[in-house]
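Visitor: Following UniProt numbering, the residues of the sequence shown are numbered contiguously, the last one being 255. The beta-carbon is built from N, C-alpha and C at its ideal position, and this holds for glycine as well. Remember, it's a predicted structure, so these values are computed and weren't measured experimentally.
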Amino acid sequence: MKALLPLIVTLGLTACTTPARIGLPDSDTLDAGHRAALTLADLPPVQERIYPGDTLRIVRDSGETPTISAFTANSIYELTLYTVLNDGTFSYPFIGKVQAGGKTPEQLSAELKERLTPFYREPGVTVNINQAPGNTVFVGGSVRNPQSYSTNVVTTLEQAIVAAGGVEPNADSRHVALLRSDPDGRYKAYFVDYSQLLQGGAQGRQAVALQRGDVVFVPKSGVGNRIEGVDLYLNQLIPFVKSIGIGANYDIRRN
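1) Label A207 either buried or exposed according to how many other C-beta atoms from any shown protein chain fall within 10 Å of its C-beta, with 16 as the threshold for buried.
2) Let me check one thing: in DSSP terms, what residues is K97 bridge-paired to?
3) With 16 as the cutoff for other CB atoms within 10 Å, does K220 come out buried or exposed?
4) Give me, in chain order, the residues of the same chain whose beta-carbon lies closer than 6 Å to that of S173; leave out the 5 immediate sequence neighbours on both sides.
5) How is the alpha helix (DSSP H) around A177 delimited, first residue to last?
6) Over the uninterrupted alpha helix (DSSP H) stretch that includes S148, give me the two end residues.
7) Taking the Cβ atom as the reference point for each residue, do V216 and A160 lie within a distance shorter than 8 Å?
8) Cα separation between Q99 and T89?
9) If you check the beta carbons only, do L179 and A189 fall under 8 Å apart?
10) Could you tell me which residues DSSP pairs with G124 in its beta bridges?
11) Restricting to Cα atoms, I'd like to know which of Y187, R60 and V125 is closest to E106.
12) Alpha carbons only, please: which of L210, E158, T55 and G140 is nearest the one belonging to L197?
13) Under three-state DSSP, which class holds A189?
14) By how many angstroms is the C-alpha of N130 removed from the C-alpha of P93?
15) Mark V139 as exposed unless 16 or more other C-beta atoms lie within 10 angstroms of its C-beta, in which case mark it buried.
16) Measuring straight from C-alpha to C-alpha, what distance separates V46 and V176?
17) Thinking just about the alpha-carbon of each residue, which of Q211, D184 and R60 is nearest to the one in R121?
18) Have a look at P169 and V143 and give me their C-alpha separation to the nearest angstrom.
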């Protein structure tokens, strides 16, 4: 059993390691993030873009003359659903693989029309997003119920935090982070002072609108991190060390 001692000691040291935490950036970055958040309301509406996992509804006008059978199998419209794969592509008849990820439905429609020109005379193509499984925002950190929400349910940062049960007592609500990806898939961080939620002033408080894929993260405060450290020591490390000590002494006496 002595051979187990190194393993027991290793496990004990692992348990004593301080868990990883997500820390706030430096003060200059924080200030820049707060200033950037103030401009969110002034930005133009975000264009809807296609993501992997989306189901596209593509309607192609064949250019034929309408007939009484317009809504039968001989319809002048070709209506088909296509699922965008993880690499952002899907396959379309005659033209093969099409890159859709990151494009707007209008951009994809124009591309399909151009690529179908050799096969159809003046093809008309309309693209819509039929289903968007990833049409969600994510709320985590020091909230009571971290989870994801559909953007059909919550539309603002304030709604998302309330839906997640509100911030915990150890949260740093002055620096709530909003992570938003750009068209290239890179996240930009904005910081919002959620502690001023009820301090709207005479002109009211401008809500922070969310968009698809946003991540709302509520960090712990400095006091919250210290409380977490005390809790880790009292409620996790001490019982673990005691249990290891009993097992080790028992094994040593037996050998």
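Guide: In this structure, then:
1) Counting C-beta atoms within 10 angstroms of its own C-beta, A207 has fewer than 16 neighbours from the protein chains shown and is therefore classed as exposed.
2) The partner list for K97 (beta bridge, DSSP) reads S91.
3) By the Cβ-count criterion, K220 is buried, with 16 or more other Cβ atoms from all chains shown falling within 10 Å of its own Cβ.
4) So the qualifying residues of the chain are V167, Y194 and S195.
5) For A177, no alpha helix (DSSP H) run applies; the uninterrupted beta strand (DSSP E) run containing it begins and ends at V176 to S181, by DSSP.
6) According to the DSSP assignment, S148 belongs to no alpha helix (DSSP H) but to the beta strand (DSSP E) extending over Q147 to S150.
7) Going by C-beta atoms, V216 is nearer than 8 Å to A160.
8) So the alpha carbons of these two residues sit roughly 4 Å apart.
9) It is a contact, given that the beta carbons lie within the stated cut-off.
10) Beta-bridge analysis with DSSP links G124 to D61.
11) Of the listed residues, the one whose Cα sits closest to E106 is V125.
12) That would be E158, whose Cα lies nearest to the Cα of L197.
13) In the structure shown, A189 sits in a strand (DSSP, three-state: E or B).
14) A straight line joining the alpha-carbon of P93 with that of N130 spans about 19 Å.
15) Taking all protein chains in view, the Cβ of V139 is crowded by 16 or more other Cβ atoms within 10 Å, so the residue is classified as buried.
16) So the alpha carbons of these two residues sit roughly 21 Å apart.
17) Nearest option by C-alpha distance: R60.
18) P169 and V143: Cα-Cα distance of roughly 9 Å.
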